[in-house]
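**Q** For the sequence shown, counting from 1, position 212 maps to 427 in this note's numbering; every step adds exactly one.
Cβ coordinates follow ideal geometry from the N, Cα and C atoms, glycine included.
This is the structure I have questions about; it appears just below.
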Amino acid sequence: MSHAHENLNARTTAGFQFTFTDGQVTGIGLEYGTHTHSLTIPSNTTFTVTDGVITETLTKPWGTDTIQYTQDANDATLYHITSETHTIAEPDTTDSQGHLHGYTFTISDGAVTGVQVVTGTTKDDDDDGKTITHNREILPGQHFTLNADGSVTETTLSGSTVKTIQFVADATSGFYAIASETTTFIQAGSATTLLNVQPLIRDSFTFDASGAITQVEAVRPDGSTKVLNTSPNTTFTELEAGYVLETFTKGHKSYFEVYHDGNGDGIYTSVAQGSGTAVDLIGLKAQIDATVDSLT
Numbered sequence: 216m217s218h219a220h221e222n223l224n225a226r227t228t229a230g231f232q233f234t235f236t237d238g239q240v241t242g243i244g245l246e247y248g249t250h251t252h253s254l255t256i257p258s259n260t261t262f263t264v265t266d267g268v269i270t271e272t273l274t275k276p277w278g279t280d281t282i283q284y285t286q287d288a289n290d291a292t293l294y295h296i297t298s299e300t301h302t303i304a305e306p307d308t309t310d311s312q313g314h315l316h317g318y319t320f321t322i323s324d325g326a327v328t329g330v331q332v333v334t335g336t337t338k339d340d341d342d343d344g345k346t347i348t349h350n351r352e353i354l355p356g357q358h359f360t361l362n363a364d365g366s367v368t369e370t371t372l373s374g375s376t377v378k379t380i381q382f383v384a385d386a387t388s389g390f391y392a393i394a395s396e397t398t399t400f401i402q403a404g405s406a407t408t409l410l411n412v413q414p415l416i417r418d419s420f421t422f423d424a425s426g427a428i429t430q431v432e433a434v435r436p437d438g439s440t441k442v443l444n445t446s447p448n449t450t451f452t453e454l455e456a457g458y459v460l461e462t463f464t465k466g467h468k469s470y471f472e473v474y475h476d477g478n479g480d481g482i483y484t485s486v487a488q489g490s491g492t493a494v495d496l497i498g499l500k501a502q503i504d505a506t507v508d509s510l511t
């Protein structure tokens, strides 16, 4: 990311303020709490300003870095980073040292069912030249889509971010190369319960006729399950269809975890955690869009 933007999460209290001259961005400041720090605008940067959205584009030797800022819902002078995209001008499967680094995909009935990473050395490095292929596990919270044009899109959900990677075929090597990477930061808005997806923490629940939860099973990444023996200090309650609240007490303190089944497969993923027992379900649901639903 440009100048001082690195490691900034748009979900924090950090924000950006812009100075405009004749409708153009001429200054930018980083605001964190009560402090504002002026940032230098690099010479390779351009800005596009539309209603409520500012797009910063930085030209790099390898392509472009595009950052989108969205106006704060409660403060019109404040903007937050809502997405960043790295676009490779000429995607290929050769790394900076001239070695092969590409991808292949296993396709079954139009769906991506396997991912392989292919690496290799040239004959200059090794008399025989070596190519190594290893399988990359597709984990919960990840999904690969084969597009009509032959490209492949990987979508990964974790915490409050969605990362999308676009792979295109490299005509020279025959393998796939990364063409772009986009990270989208889901905004909390006024919610007091923040989205924080933990894709590897998954449960399935058995409900009786009254809607009470009678059994909890932990779901492993491979889909196998294990029945959990819950303690008397832990309770599970269905908040509404697709949402289950776990509350547990430790000493004199209470904690909660919210599980969500967004795609209707019967597996619930941890999507929010906190102290106390009060959950802002309306605010939490406002952060869950179709992409989050599809991956939980």
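Can you check DSSP and say which residues form a bridge with Phe390?
**A** Note: Phe390 sits in no beta bridge, so no partner.
**Q** So, are the CB atoms of Thr255 and Glu271 less than 8 Å apart?
**A** Taking 8 Å as the Cβ cut-off, Thr255 and Glu271 do not qualify as a contacting pair.
**Q** Taking the straight line between their C-alpha atoms, what separation do you get for Gln381 and Val434?
**A** So the alpha carbons of these two residues sit roughly 29 Å apart.
**Q** Determine the extent of the alpha helix (DSSP H) in which Gly498 is found, giving its start and end residues.
**A** Taken as a continuous stretch (DSSP letters only), the alpha helix (DSSP H) holding Gly498 covers 496-501.
**Q** Give the DSSP-derived three-state secondary structure of Ala363 in the structure shown.
**A** Coil.
**Q** Below 7 Å CB to CB, which residues in the same chain sit around Asp504 once its five sequence neighbours on both sides are set aside?
**A** Nothing meets the Cβ criterion.
**Q** Would you identify the three-state DSSP class for Asp508, choosing helix, strand or coil?
**A** DSSP places Asp508 in helix when its eight states are reduced to three.
**Q** Spatial neighbours of Val469 within its chain, please: C-beta separation below 8 Å, excluding the five flanking residues on both sides.
**A** For clarity, residue 469 is Ser in the given sequence; the question names Val instead. Closer than 8 Å at the Cβ level, and outside the excluded window around Ser469, lie Thr462, Phe463, Ser490, Gly491, Thr492.
**Q** So the beta strand (DSSP E) Val473 belongs to, where does it begin and stop?
**A** It spans 468-475 - the beta strand (DSSP E) in which Val473 sits, taken as one unbroken run.
**Q** On the three-pair Cβ rule with 8 Å, is the region 277-295 touching the region 310-323?
**A** Cβ pair count under 8 Å is below three, so no.
**Q** For a test of the three-state rule: what should DSSP assign to Gln331, helix, strand or coil?
**A** Correct three-state label for Gln331: strand.
**Q** Mind checking Leu443: buried by the 16 CB within 10 Å criterion, or exposed?
**A** It is exposed - the Cβ of Leu443 has fewer than 16 other Cβ atoms within 10 Å.
**Q** Can you tell which of Thr297, Leu415, Thr281 has the C-alpha that lies nearest to the C-alpha of Thr484?
**A** It is Leu415.
**Q** Counting pairs of beta carbons, one from the region 379-394 and one from the region 444-456, are three or more of them closer than 8 Å?
**A** With a cut-off of 8 Å, the region 444-456 and the region 379-394 do not count as touching, because too few Cβ pairs lie within range.
**Q** According to DSSP, simplified to helix, strand and coil, what is Lys345?
**A** Of the three classes helix, strand and coil, the one that applies to Lys345 here is coil, per DSSP.
**Q** Taking 6 Å as the limit between beta carbons, can you name the residues of its chain near Gly278, skipping five residues before and five after?
**A** Around Gly278: Thr302, Ile303, Ala304.
**Q** Give me the Cα-Cα distance between Thr181 and Thr281, rounded to the nearest whole angstrom.
**A** Any answer about residue 181 is impossible in this case: the structure gives the chain only from 216 up to 511.
**Q** Terminal residues of the continuous beta strand (DSSP E) containing Asp280?
**A** First-last of the beta strand (DSSP E) with Asp280: 278-286.
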